[in-house]
Amino acid sequence: MNGKTNPTAILTLCLSMSRLNVHFKQCEGTYIQTLDRMLESGAVSARGLKPDAKVFGELVFDVNTAYFEERGGYEYAKQFFRKAFHFAEKEIGGDYILSAVMHADERNRSLSDELGRDVYHYHLHVTYIPVVDKEIKWSKRCKDKSLVGTTKEIICQISHSKKWAFVPAMNEQGQPVLNKDGKPKLIPSYSLLQDRFFEYMRAAGFGDFERGVKSSTAEHLSVIEYKVKQDTQMLSALEERIQTQQNNLTAIERELIIAQKVRSSVQVIEYMGRQKWFGSKVELTKHEFTDLTALAKEGIASRRIISDLQERLNRVSNQLYSIRNGFDKMLDETRDFYQAMRIAPQRVKEVFSDIFQKAKEAREQKKLKRRQYRGRNR
Numbered sequence: 019m020n021g022k023t024n025p026t027a028i029l030t031l032c033l034s035m036s037r038l039n040v041h042f043k044q045c046e047g048t049y050i051q052t053l054d055r056m057l058e059s060g061a062v063s064a065r066g067l068k069p070d071a072k073v074f075g076e077l078v079f080d081v082n083t084a085y086f087e088e089r090g091g092y093e094y095a096k097q098f099f100r101k102a103f104h105f106a107e108k109e110i111g112g113d114y115i116l117s118a119v120m121h122a123d124e125r126n127r128s129l130s131d132e133l134g135r136d137v138y139h140y141h142l143h144v145t146y147i148p149v150v151d152k153e154i155k156w157s158k159r160c161k162d163k164s165l166v167g168t169t170k171e172i173i174c175q176i177s178h179s180k181k182w183a184f185v186p187a188m189n190e191q192g193q194p195v196l197n198k199d200g201k202p203k204l205i206p207s208y209s210l211l212q213d214r215f216f217e218y219m220r221a222a223g224f225g226d227f228e229r230g231v232k233s234s235t236a237e238h239l240s241v242i243e244y245k246v247k248q249d250t251q252m253l254s255a256l257e258e259r260i261q262t263q264q265n266n267l268t269a270i271e272r273e274l275i276i277a278q279k280v281r282s283s284v285q286v287i288e289y290m291g292r293q294k295w296f297g298s299k300v301e302l303t304k305h306e307f308t309d310l311t312a313l314a315k316e317g318i319a320s321r322r323i324i325s326d327l328q329e330r331l332n333r334v335s336n337q338l339y340s341i342r343n344g345f346d347k348m349l350d351e352t353r354d355f356y357q358a359m360r361i362a363p364q365r366v367k368e369v370f371s372d373i374f375q376k377a378k379e380a381r382e383q384k385k386l387k388r389r390q391y392r393g394r395n396r
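All the letters of the sequence shown, read from the start, carry residue numbers 19 to 396 under my numbering.
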């Protein structure tokens, strides 16, 4: 989910600012340990779950950096995402949310450079177990035939696909909307979720909050896929900036050539007039005097123009050089990653997911040990 996210923003993780991250909910132990406890207690059920099924989901509530910067920054972001967390509780169920953290440790490099101070990008990560109510009916094997087909129990089944299933589109009369093939048109549940989020936040007092672009696929991607897409868009934006600067440079060079031609016309003055035999005066014809006056005026005017153009040329050249260096550096740093994504995208996602999960579990385990240690020493 997003609200006019800036795809060209270059974000840099600042570990020193991680202390400002806001945890609306923290997981006791690891996600796996929590899931095992919930399965054991019957809070959730893995009945019908395939071995490779997705048992953990993650929602990312992401809004344009400038939105918070213009309204109070960190404190405003905390208020906003606290409400967003309550929305997640309402949609997912508070008991099924494992963790919810507002990140405040990612520096928006482009906006920081523009404003001349550190500006941080705030967003909310919500990790949860996707659960739906599953009605279990008595089968034909039931001895009491009167119960066959009736509800035996309702379980909280883990199912990501059912939680976010496609929903038939309806018109104003409540009739299904059909596509060109005559089949019902389906709407992604994430898109409807984004609609509800938008309305919820507006009702909560965030009247100037803007909904993300409809039909955006960002909400359908995993966190890794989403970040890869953002990086790709960022590279495309950088390429466009480089091309724009190149065009500006070409235009300035063209203007400079014209100005230099005007300036070179002054040399014609040296060949005008006839030197007198006596004295230091030079005689000019009326035509030569008119031409000389015009050329002199053009020469004086061109000095300023050439100076300004030269200054602009130097400035744009420096900007272009800086952008190219940054672009080349970024390509160099991400070359192996993008090559791996082209060859085996699914494997890369699995590796990164595993790395992130292990790192998170290690941090959680360390926190748990610290809490246990403090508890023993009280």
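Virtual Cβ for every residue (Gly too), placed ideally from N, Cα, C.
- A residue is called buried once 16 or more other Cβ atoms fall within 10 Å of its Cβ, and A71, having fewer, is exposed.
- Secondary structure at P363: helix, using DSSP grouped into helix, strand and coil.
- Judged by beta-carbon spacing, D226 lies beyond the 8 Å limit of H141, meaning their Cβ atoms are not closer than that value.
- Judged by DSSP in its simplified three-state form, K43 adopts strand.
- Using a 10 angstroms sphere on the CB of E217, the tally of other CB atoms stays under 16, which defines it as exposed.
- Inside the stretch 22-109, DSSP marks whole beta strand (DSSP E) runs of 3 or more residues at positions 29-31, 40-43 and 75-81, from first to last along the chain.
- N126 is not a Cβ neighbour of L274, given a cutoff of 8 Å.
- Secondary structure note for E132: its alpha helix (DSSP H) is the uninterrupted segment R127 to L133.
- In the DSSP annotation of this structure, the continuous segment of the beta strand (DSSP E) that includes L142 starts and ends at Y138 to Y146.
- The alpha carbon of E258 has as its nearest neighbour, out of E88, R342 and E93, the alpha carbon of R342.
- When DSSP states are grouped into helix, strand and coil, E273 belongs to the helix group.
- Checking the DSSP bridge columns, you'll see P194 partnered with M188.
- Taking 8 Å as the cut-off, the Cβ atoms of I173 and S340 do not count as close.
- The count of Cβ pairs closer than 8 Å, one atom from the stretch 148-161 and one from the stretch 32-49, stays below three, leaving the stretches out of contact.
- Counted as a single uninterrupted DSSP element, the beta strand (DSSP E) harbouring D151 occupies residues V149 to K155.
- Between P194 and P186, the C-beta gap is smaller than 8 Å, which places the two residues in contact.
- One alpha carbon belongs to Y356, the other to K367, and they sit about 12 Å apart.
- Listed in chain order, the non-local C-beta contacts of C45 below 6 Å within the same chain comprise T52, L116 and S117, local neighbours out to five positions each way being set aside.
- DSSP places K158 outside any alpha helix (DSSP H), giving it a letter other than H or E.
- The alpha-carbon separation between S335 and K384 amounts to approximately 50 Å.
- At the C-beta level, H143 and E93 stay beyond 8 Å of one another.
- Residue pairing from DSSP places M120 in a beta bridge opposite V40 and L142.
- Here the alpha carbon of G90 sits roughly 17 Å from the alpha carbon of G134.
- Going by DSSP, K181 is part of the alpha helix (DSSP H) stretching over H178 to K181.
- Inter-residue distance for I373 and A380 is about 11 Å (C-alpha atoms, whole angstroms).
- Within the model, the alpha-carbon separation for G47 versus D123 is close to 23 Å.
- Between the alpha carbons of P363 and G344 lies a gap of roughly 25 Å.
- Sorting Y49, L31 and C160 by C-alpha distance to the C-alpha of K378 places Y49 at the top.
- By the neighbour-count definition (other C-beta atoms within 10 Å, threshold 16), V369 is an exposed residue.
- Linking K163 to W156 through their CA atoms gives a straight-line distance of about 9 Å.
- Around the C-beta of N82, 16 or more other C-beta atoms lie within 10 Å, and the residue is accordingly described as buried.
- Among the bridge pairs identified by DSSP, E171 is matched with I154.
- Around the beta carbon of V166, a 10 Å sphere encloses fewer than 16 other beta carbons of the protein chains shown; the residue is thus reported as exposed.
- Its Cα nearest to that of V73, the residue I176 stands out among I176, D113 and H121.
- Apart from sequence neighbours up to five positions away, the residues of its chain that approach M188 with a beta-carbon distance below 8 Å are P194 and V195, ordered along the chain.
- With respect to the 8 Å criterion, K108 and A222 are not classified as neighbours on the basis of their beta carbons.
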